[in-house]
Amino acid sequence: MPRLKYSAASKEDLKEIARFIALDKPDAARLWVTRLREKCRLAATHPEIGDDRSDLGDGIRSTYVGSFIIYFREKEGELEIVRIARGDLEYPFL
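What follows is the structure, encoded as structure tokens:
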């Protein structure tokens with residue numbers, strides 16, 4: 025199983041998601057962050073899940089959690105979480 029690693033950008037994404045949701049619903053913010061982290065751990069154990077998004081970068085895959093997309097790639101024995109974004113946003117870079 026690849027070791028799970030969060031990029032600096034994905035850590036910031038998680039903080040921003042939590043802050044935004046917490047403005048109205050602090051308990052829901054914690055729940056969403058937990059769900060996102062669980063899906064990241066699942067991707068580390070099953071790196072083939074999700075969709076091939078090589079159009080966004082070498083080896084990039086994505087998977088959904090509710091209205092959020094987790095972008096990740098397996099690289100050198102690690103599963104790197106590259107970005108976490110709202111589903112209505114597309115990143116032309118990662």
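Just so we're aligned, residue 25 is where the sequence shown starts under this note's numbering, counting upward by one. Ideal Cβ positions, reconstructed from N, Cα and C, are used throughout, including at glycine. Given the structure is predicted, the values throughout are model-derived calculations rather than measurements.
{"Asked": "Alpha-carbon spacing of SER34 relative to SER86, whole angstroms", "Found": "13 Å"}
{"Asked": "Neighbourhood of TYR88 by C-beta distance below 7 Å, restricted to the same chain and skipping five residues each side", "Found": "GLY111"}
{"Asked": "The region 101-108 in contact with the region 28-45 per 3-pair CB rule at 8 Å", "Found": "yes"}
{"Asked": "Three-way DSSP call (helix, strand, coil) for GLU72 in this model", "Found": "coil"}
{"Asked": "C-beta contact flag for ALA109 and PHE92 at 8 Å", "Found": "yes"}
{"Asked": "Pair within 8 Å by beta-carbon distance, ALA67 and ILE94", "Found": "yes"}
{"Asked": "SER86 (DSSP reduced to helix, strand or coil)", "Found": "strand"}
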